[in-house]
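In full-length UniProt numbering, the protein residues as written are 1 to 685. Data first, discussion second: the structure below is written as structure tokens.
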């Protein structure tokens, strides 16, 4: 997404795409870089290029080779995807017209050793159209396990005896119904059974049955331009067997099911290249003829797009006309994001790799997009600085910034201390590096008794913090933070003397005894070390009773002790249990709060600090929200479009959303990359 950076807010993206990475914006066309990036050389790639260079022209562009490649693979490589099933008019759960179809209980995944079953059905013409009259099922050895005649529900108009072999006399005594054979099939088929048939979509429609694991032999032995071979031809040319002969009235579904099964087994066992070479002339009607003066093969390309296409994977670019390093036949140009999204969703099958470039935002903000980006970035950085800051005081007259830092670092790493010497007393502005530091300072040090007087800790008061509670609650409930906890360990003297009575944006925190005094070393202040005995072992021991602790992160510079810790529980219940026991943990010296800082934020702040400082502290410019009112509706519209796009994608699709950011004279406006694999078993994500 062009000209977007981390300072833009997206509801859908942040709730669904959970993996996030900060990066410095690229000066080049990122879409073009994706396609043209060089894949590291490897033995497998070299072998692939060697095989392709040795491939005769007659095979290189053969429909079977372009679809399945040249390598022999297991049966899972030839299963129809959901998109292929939709495109080939198979009954698919959730599609209109198949609401009343029964469904087998197939497993989510199969292996190359899963059992194959051949299936074939015969139909007759009734008042409702074609209805089932016979079904045959054979196992992987070709043994018949089901062969039933079926009585249609409505009056038969034509038995289609020439094709079905069914007569009125045969169906006269039959009482078996469609529901009966559906139940038998569901009982017979293992959960990982793969059904094999020739144009199997017609058989499953006649059975009114949905089965997700399918191999269609009419799509294995494919012809040019989507044409298909008849089962009779394939059986004769490949299996050397005569079926559906004119001497016999009607087709034999057992015979047809066995033929389809053996054709699939032969294809899997032999591999696509050998199948084509063995039957190129008799099936596809031409031979391999190489020119005697064949020029030497060019040096193989290691561009990402070329490698994918060599492997038989399709690639595509969609968006406004752009200079993209991809063949024009693989590009689709559109005038707007809306048009591009509608076109993409009309596809019956998604390319293996699709790059969609959203440009409505940059189009709207032109020609001053960079200036607006910088202003937006400055506002966000200023707001973040306010969220990480607290005011504290009064302090003793001789109190220094170093001593203030020594006190407040017990809550987390401190970025900056600014002493405020008023006409009467000394105060300080403390800016933390993390949001949690400011939150714990309010909770822990408000009311702290220093040389007999209590200091107050409170937030700055300005427009950017009016909805701070809502912002912090949203960060705490972010899926990335749902099971994360922030913790520091206070020295006993600080834990004893720290007051905890404060009003933070209208919320009252727990009270602490007034009048407590701290041990005095310098101006009455004990030099607290926040990470006293803060180790992974002690943290796991302390927080393990609340729930399984997956990860303990102790951020620290080399040779330094950690000042704080992030604890990730196996579930949000662990965090909830720990928070409910915060008073008990406080008696052990631990002060905790929900994690607020997204993992990517520290690196983003590091990249943006220089540019913000360079612009100065113009409060009027950094706290203005008029431009936000213009941008927010556009962000909402784009967010909804991304939601529609994500819901359209098939399961197991890796989605990568890239906010490209941009470069400016004052430094980069960082980009952000979101990633997630869509999985139907987890709902939307």
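Cβ atoms here follow ideal geometry from the backbone N, Cα and C, with glycine treated the same way.
Looking at residue i: is its Cβ nearer than 8 angstroms to the Cβ of residue j?
{"i": "residue 439", "j": "residue 539", "result": "no"}
{"i": "residue 488", "j": "residue 542", "result": "no"}
{"i": "residue 689", "j": "residue 250", "result": "Because the chain is modelled from 1 through 685, residue 689 falls outside the range shown and cannot be assessed."}
{"i": "residue 136", "j": "residue 257", "result": "yes"}
{"i": "residue 650", "j": "residue 84", "result": "no"}
{"i": "residue 675", "j": "residue 645", "result": "no"}
{"i": "residue 686", "j": "residue 102", "result": "Since the first residue shown for the chain is 1 and the last is 685, residue 686 is missing from the structure and cannot be characterised."}
{"i": "residue 280", "j": "residue 315", "result": "no"}
{"i": "residue 638", "j": "residue 358", "result": "yes"}
{"i": "residue 592", "j": "residue 579", "result": "yes"}
{"i": "residue 80", "j": "residue 112", "result": "no"}
{"i": "residue 109", "j": "residue 304", "result": "no"}
{"i": "residue 690", "j": "residue 199", "result": "The structure shown does not extend to residue 690, since the chain is modelled only from 1 through 685, so no value can be given for it."}
{"i": "residue 546", "j": "residue 581", "result": "yes"}
{"i": "residue 120", "j": "residue 169", "result": "no"}
{"i": "residue 211", "j": "residue 104", "result": "yes"}
{"i": "residue 445", "j": "residue 411", "result": "yes"}
{"i": "residue 670", "j": "residue 24", "result": "yes"}
{"i": "residue 156", "j": "residue 126", "result": "yes"}
Just checking my contact of residue i with residue j at CB under 8 angstroms: how many whole Å lie between their CB atoms?
{"i": "residue 124", "j": "residue 159", "result": "5 angstroms"}
{"i": "residue 478", "j": "residue 598", "result": "7 angstroms"}
{"i": "residue 174", "j": "residue 151", "result": "5 angstroms"}
{"i": "residue 443", "j": "residue 431", "result": "The Cβ separation is near 17 angstroms, so there is no contact."}
{"i": "residue 483", "j": "residue 559", "result": "The Cβ separation is near 31 angstroms, so there is no contact."}
{"i": "residue 441", "j": "residue 457", "result": "5 angstroms"}
{"i": "residue 388", "j": "residue 433", "result": "7 angstroms"}
{"i": "residue 92", "j": "residue 98", "result": "7 angstroms"}
{"i": "residue 272", "j": "residue 69", "result": "7 angstroms"}
{"i": "residue 26", "j": "residue 216", "result": "Not confirmed; about 43 angstroms, so no contact."}
{"i": "residue 30", "j": "residue 658", "result": "7 angstroms"}
{"i": "residue 355", "j": "residue 34", "result": "6 angstroms"}
Could you pull the DSSP bridge partners for residue i from this structure?
{"i": "residue 551", "result": "568"}
{"i": "residue 659", "result": "672"}
{"i": "residue 126", "result": "129, 156"}
{"i": "residue 394", "result": "According to DSSP, residue 394 bridges with nothing at all."}
{"i": "residue 22", "result": "672"}
{"i": "residue 197", "result": "216"}
{"i": "residue 103", "result": "210"}
{"i": "residue 358", "result": "Answer by DSSP bridge pairing: none, since residue 358 is not bridged."}
{"i": "residue 417", "result": "430"}
{"i": "residue 38", "result": "303"}
{"i": "residue 136", "result": "120, 147"}
{"i": "residue 454", "result": "449"}
{"i": "residue 487", "result": "565, 592"}
{"i": "residue 654", "result": "677"}
{"i": "residue 389", "result": "431"}
Please return the same chain residues whose Cβ sits closer than 8 angstroms to the Cβ of residue i, not counting the five positions on each side in sequence.
{"i": "residue 334", "result": "318, 319, 320, 340, 343"}
{"i": "residue 426", "result": "393, 394, 395, 396, 397, 399, 419, 420"}
{"i": "residue 184", "result": "146, 148"}
{"i": "residue 237", "result": "279, 282, 283"}
{"i": "residue 181", "result": "132, 135, 146, 148, 150, 207"}
{"i": "residue 414", "result": "405, 408, 430, 431, 432, 433, 437"}
{"i": "residue 194", "result": "75, 79, 110, 114, 115, 116, 117, 213, 214, 215"}
{"i": "residue 164", "result": "122, 123, 124, 133, 134, 250, 251"}
{"i": "residue 267", "result": "78, 217, 220, 221, 275"}
{"i": "residue 648", "result": "344, 345"}
{"i": "residue 577", "result": "546, 547"}
Among the residues of its own chain, which have a CB less than 7 angstroms from the CB of residue i, if the five just before and after it don't count?
{"i": "residue 67", "result": "222, 312"}
{"i": "residue 525", "result": "Any reading at residue 525 is ruled out, since the residue's pLDDT is 43, under 50, leaving its predicted position unreliable."}
{"i": "residue 470", "result": "none"}
{"i": "residue 506", "result": "Confidence at residue 506 is low in this model, with a pLDDT of 39, below 50, so the placement of that residue should be treated as unreliable; the coordinate-derived value is given next. Contacts found: none."}
{"i": "residue 171", "result": "133, 149, 151"}
{"i": "residue 65", "result": "59, 272, 273, 276"}
Excluding the five sequence neighbours on either side, which residues of its own chain have a C-beta within less than 6 angstroms of the C-beta of residue i, listed in chain order?
{"i": "residue 32", "result": "324, 325"}
{"i": "residue 130", "result": "123"}
{"i": "residue 255", "result": "243"}
{"i": "residue 677", "result": "654"}
{"i": "residue 264", "result": "196, 215, 217"}
Along the chain, which unbroken stretches of the alpha helix (DSSP H) at least 4 residues long are found entirely within the stretch 203-262? Within the stretch 203-262, the runs of alpha helix (DSSP H) that reach at least 4 residues and sit entirely inside it are, in chain order, 217-220, 231-238.
Every unbroken beta strand (DSSP E) within the stretch 280-354, with a cutoff of 3 residues, ordered by chain: For the stretch 280-354, the full-length beta strand (DSSP E) segments reaching 3 residues or more read 315-319, 331-333 along the chain.
Suppose only complete runs of 4+ residues qualify. What are the alpha helix (DSSP H) ranges in the stretch 51-79, listed by chain order? Restricting attention to alpha helix (DSSP H) runs no shorter than 4 residues, the stretch 51-79 encloses them at 57-60, 63-68, ordered along the chain.
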